[in-house]
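Enquirer:
Encoded structure:
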């Protein structure tokens, strides 16, 4: 039998040790869902997202997975709990309903729907550090006095914002410009509508705005 040179063996061993990987944590791992959790419970960790490949499949809660709804999968949080998720890279946040189990990858605490990841601005990155905070099931009702709007663009040049507003006004009602001064520069933010709740704004954005504007965010009206 032909002998393999020692140098080849050493190089292969070094290569295998230097390869990075993410261990898979199977559904039968020792991590078990909590039976209950208090409002205000907070946890930090990594979140990823899942979408088209699971569209229409049954979730652990019995609901059909819809990548365009604000939902998420967790290995530990009880099903049907609502949690506020904040992307620690850009401070964007949204509220999701836990309706599935996962992610089964070590080091990650949440698998977000496509829409939730879009709201958090992490579609391209795929993974982001997040803070999750459990909120009341009546979160949207408790926040009824808070208004939301759909931000479709932000410009440092007022004329560009004005032109974009005029263009969108041909298709949408209540398109307006909101200015924001950072202390160094003024941003002219083009927004669509004023809504009584985050979900109402989300529904309008998905059905009316998204066919024309792909990059939008649901934000609290200030």
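In full-length UniProt numbering, the protein residues as written are 1 to 222.
By construction, the Cβ of each residue, glycine as well, lies at the ideal position given by its N, Cα and C atoms.
Just so it is clear, the structure is predicted and the values come from calculations on it, not from any experiment.
Would you list the residues sitting across from residue 219 in a DSSP beta bridge?
Expert: BP columns for residue 219 point to 149.
Enquirer: Once DSSP output is grouped into helix, strand and coil, what is the label at residue 76?
Expert: coil
Enquirer: At what residues does the alpha helix (DSSP H) containing residue 167 begin and finish?
Expert: Segment 158-168, the alpha helix (DSSP H) holding residue 167.
Enquirer: Per the DSSP calculation, residue 45 is bridged to which residue(s)?
Expert: 130
Enquirer: Buried or exposed: where does residue 225 fall if 16 or more other Cβ atoms within 10 Å of its Cβ makes it buried?
Expert: Nothing about residue 225 can be read from this structure; the chain reaches only from 1 to 222.
Enquirer: Out of curiosity, what's the CA-to-CA distance linking residue 155 and residue 165?
Expert: 11 Å
Enquirer: At a cut of 8 Å, does the stretch 35-44 reach the stretch 167-176 through at least three beta carbon pairs?
Expert: By the Cβ test, the stretch 35-44 is not in contact with the stretch 167-176, since fewer than three Cβ pairs between them sit closer than 8 Å.
Enquirer: Under a three-way DSSP split, which group does residue 39 fall into?
Expert: coil
Enquirer: Is the distance from the Cβ of residue 162 to the Cβ of residue 195 below 7 Å?
Expert: no
Enquirer: Per DSSP, residue 60 forms a beta bridge with which residues?
Expert: Paired residue(s): none; residue 60 is not in a bridge.
Enquirer: Would DSSP call residue 96 helix, strand or coil?
Expert: strand
Enquirer: Ordered along the chain, which non-local residues of its own chain (more than five positions away) have a Cβ less than 6 Å from that of residue 45?
Expert: 109
Enquirer: Are there three or more Cβ pairs, one per stretch, closer than 8 Å when the stretch 118-129 is compared with the stretch 184-195?
Expert: no
Enquirer: By alpha-carbon positions, which one of 96, 104 and 188 ends up nearest to residue 67?
Expert: For residue 67, the closest C-alpha among the options 96, 104 and 188 is that of 96.
Enquirer: With DSSP collapsed to three states, give me the class of residue 171.
Expert: Shown here, residue 171 sits in coil according to DSSP, grouped into three states, outside any helix or strand.
Enquirer: When the Cα atoms are used, what is the spatial distance from residue 131 to residue 119?
Expert: 15 Å
Enquirer: Anyone know if the C-beta pair for residue 48 and residue 129 falls short of 7 Å?
Expert: Not closer than 7 Å, so no.
Enquirer: Could you tell me the distance, in whole angstroms, from the CA atom of residue 151 to the CA atom of residue 219?
Expert: 7 Å
Enquirer: What separation, rounded to the nearest whole angstrom, lies between the Cα atoms of residue 157 and residue 221?
Expert: 21 Å
Enquirer: From residue 179 to residue 203, what distance separates their C-alpha atoms?
Expert: 25 Å
Enquirer: Can you look up residue 82 in the DSSP assignment and give me helix, strand or coil?
Expert: strand
Enquirer: How about residue 73 and residue 92: do their beta carbons lie closer than 7 Å?
Expert: no
Enquirer: Within this structure, are the beta carbons of residue 59 and residue 99 separated by less than 7 Å?
Expert: yes
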